[in-house]
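Chemist: My questions will all concern the structure given below.
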Amino acid sequence: MNGKPENRVEKIVSDLLRGRRLKLRGGDAEEKAAIMAAARLAGARQGPQRMSSAFRKRLAAGLDQTRREGLVTRRAALVAGLGLAAGAAGGVLLGRTGAPEPASAKTIDPLDGRWVDVGGLDEFPEGEGRRVVAGGVSAYVFRSGEAVSAVSSICSHLPCELTWQAAEGNLLCTCHPARFAPSGNPKGSYGLTALSKVHARVTEQGRVEVLGTA
Amino acid sequence: MTPEEPADEQANVVELPAASRATDIALDELELVYAFIYARVGNRPDAEDLTQQVAMKAIPRLRQGAPASSIRGYLFATARSVLGGFWSTRLGLSEAELREDLAMAVPPGPPSEDRTLAVQEVLAQLSDNYRRVLELRFLHGYSLKEVAAEMNSTVGAIKVMQLRALRAAAKVRLPE
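For the protein sequence lines, the chains are A and B, in the order given.
Note that my numbering gives residue 105 to position 100 of the first sequence, counting from 1, and the numbers run on in steps of one.
Note that my numbering gives residue 1401 to position 83 of the second sequence, counting from 1, and the numbers run on in steps of one.
Written out as structure tokens, the structure reads:
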């Protein structure tokens, strides 16, 4: 937890008592029990809550729309002779509406950036992540044929160095069991932001370069 | 990434009453879901977002003609899954790491009618100072400064006491 835990928890309590969202950040997990208790106390202090009329109307409109989409999908399934009706149709809808995409990754574009040679293409085995340092930018470079891609070697959640897990084909955070695919997208049940992209290229001479700093 | 779905989600497709009444019935059930979620996240914006997520996830799986009790059971199973995902994402922890904390949030049924009473039961199990600081803060809405004045202490000391009191309260299981 950044700073003194009592200050951080007080900020969260203060937000809750003002009816604000829970804005948590890296490190708050250390006080998860206290934070969850604060949320429950804040939630219980006024007794059972009812939806506001504005929210109820929004929800009703969403339900009607979902139902219409469901009926269309169900009819299409029956026409196709699949007989799967709502179960499968619901699955399709769920897949489309319920699975949040990882927050989009930023690309590291250093001011006064410069291309830094990090090795020959033949030093980057296909399908393996290799960590390189280009001045102030550290990255994992992945080769795919004659092309390369790169993502930041710093976890998008806790600012710790990632390690390449060859057996699983993942980048693993050393501070926290968060995993990322070579594309930078998070894996598992964390819903984290994707890793920042890093510019990388292969020169005509077969050298790999990463856009870093002096 | 999505949180784990209820284990029986694929098999558990519930029937929903016919069209025009269906939305009203679903909304009435979602009122209970909203109260359940609000009691655990403690604020309206998050409770609204999560209730909407529950509706969007569960409603497409409901079919015409089911009793309200089946719908309710399915909505609450989905609500538990959505809440698990919420805490997991906000705290950056896997649901496995939150298992004990989330287990406390799983109710046998709809939320009880008097949660204020439930809070007082929790507070009653704390030491005098811990109970007092949480009562003043959460039930009476005192600021830290006001709590410090009331308890003849300093703001810094009250902040520390509040954290310790919350840790202690977390160990007391709230009656559902």
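All C-beta atoms in this analysis are idealised placements derived from N, C-alpha and C, irrespective of residue type, glycine included.
Apply the 10 Å Cβ neighbour rule to residue 1348 of chain B and answer buried if 16 or more other Cβ atoms are within range, or exposed otherwise.
Modeler: buried
Chemist: For residue 36 of chain A and residue 150 of chain A, I'd like the C-alpha separation in whole angstroms.
Modeler: 46 Å
Chemist: Residues in the same chain with beta-carbon distance under 7 Å from residue 1462 of chain B, minus the five sequence neighbours each way, listed in chain order, please.
Modeler: 1473, 1476 and 1477
Chemist: Taking the continuous beta strand (DSSP E) assigned at residue 157 of chain A, which residues delimit it?
Modeler: Run containing residue 157 of chain A: 152-157, per the beta strand (DSSP E) assignment.
Chemist: Look up residue 207 of chain A in the DSSP assignment and say whether it is helix, strand or coil.
Modeler: strand
Chemist: Whether or not the region 1393-1408 of chain B and the region 1364-1371 of chain B are in contact is what I'm after, with contact meaning three or more pairs of Cβ atoms, one per stretch, closer than 8 Å; do they touch?
Modeler: Because the criterion of three Cβ pairs below 8 Å is met, the region 1364-1371 of chain B and the region 1393-1408 of chain B touch.
Chemist: Which residues in chain C have a C-beta closer than 7 Å to the C-beta of residue 1394 of chain B? List them in chain order.
Modeler: Of the chains in the structure shown, none is chain C; the protein chains are A and B.
Chemist: Indicate whether at least one CB of chain A lies closer than 8 Å to the CB of residue 1390 of chain B.
Modeler: no
Chemist: Tell me which residues share the same chain as residue 1451 of chain B and place their Cβ nearer than 8 Å to its Cβ, disregarding the 5 neighbours each side in the sequence.
Modeler: Result list for residue 1451 of chain B: 1465, 1469, 1476, 1479, 1480 and 1483, in chain order.
Chemist: Output the distance between the C-alpha atoms of residue 77 of chain A and residue 69 of chain A, rounded to the nearest integer angstrom.
Modeler: Since pLDDT at residue 77 of chain A reaches only 44, below the 50 mark, its modelled position is unreliable, and no value is offered.
Chemist: Against chain B, which members of the region 53-70 of chain A pass a CB distance test of less than 9 Å?
Modeler: 53, 54, 55, 56, 57, 60, 61, 63, 64, 65, 67, 68 and 69
Chemist: Residue 238 of chain A by DSSP, collapsed to three states: which one?
Modeler: No information on residue 238 of chain A is available, as it lies outside the stretch 6 to 219 that chain A covers here.
Chemist: Contact between the region 134-150 of chain A and the region 163-173 of chain A: three or more CB pairs below 8 Å?
Modeler: yes
Chemist: Is it the case that the region 208-215 of chain A contacts the region 1348-1360 of chain B, given that we only count it when at least three CB pairs across the two stretches are under 8 Å?
Modeler: no
Chemist: Span of the beta strand (DSSP E) holding residue 1412 of chain B?
Modeler: Neither: residue 1412 of chain B is in no beta strand (DSSP E) and is coded neither H nor E.
Chemist: Listing by chain order, which chain A residues have their CB less than 7 Å from the CB of residue 1469 of chain B?
Modeler: Within chain A, no residue comes near residue 1469 of chain B; the closest Cβ sits about 15 Å away, beyond 7 Å.
Chemist: Find the residues of chain A that neighbour residue 1443 of chain B, judging by a C-beta separation of less than 7 Å, and give them in chain order.
Modeler: Simply none; closest approach about 12 Å.
Chemist: Buried or exposed for residue 1403 of chain B, please, with buried defined as at least 16 other CB atoms from any protein chain shown within 10 angstroms of its CB.
Modeler: buried
Chemist: Decide if residue 202 of chain A is buried, meaning its Cβ has at least 16 other Cβ atoms within 10 Å, or exposed.
Modeler: It counts as buried.
Chemist: Taking residue 217 of chain A as the reference, which of A/204, A/16 and A/208 has the closest Cα?
Modeler: Nearest of A/204, A/16 and A/208 to residue 217 of chain A, Cα basis: A/204.
Chemist: Exposed or buried, which one is residue 54 of chain A when buried takes at least 16 other CB atoms within 10 Å?
Modeler: buried
Chemist: Would you say residue 34 of chain A and residue 1410 of chain B are within 8 Å of each other, going by their C-beta atoms?
Modeler: Yes, the pair counts as a contact, with Cβ atoms nearer than the cut-off.
Chemist: Do you know how far the Cα of residue 1350 of chain B is from the Cα of residue 154 of chain A?
Modeler: The alpha-carbon separation between residue 154 of chain A and residue 1350 of chain B amounts to approximately 49 Å.
Chemist: Grab me the residues of residue 1460 of chain B's own chain with a C-beta within less than 8 Å of its C-beta, minus the 5 sequence neighbours each way, in chain order.
Modeler: 1454 and 1468
Chemist: Could you please give me the residues that DSSP links to residue 1392 of chain B through a beta bridge?
Modeler: DSSP lists no partner for residue 1392 of chain B.
Chemist: If we define contact as Cβ-Cβ less than 8 Å, is residue 1344 of chain B a contact residue for chain A?
Modeler: yes
Chemist: Starting from the beta carbon of residue 1450 of chain B, find every residue of chain A whose beta carbon is closer than 9 Å, and list them in chain order.
Modeler: Near residue 1450 of chain B there are no residues of chain A at all, since even the closest Cβ is about 14 Å away, more than 9 Å.
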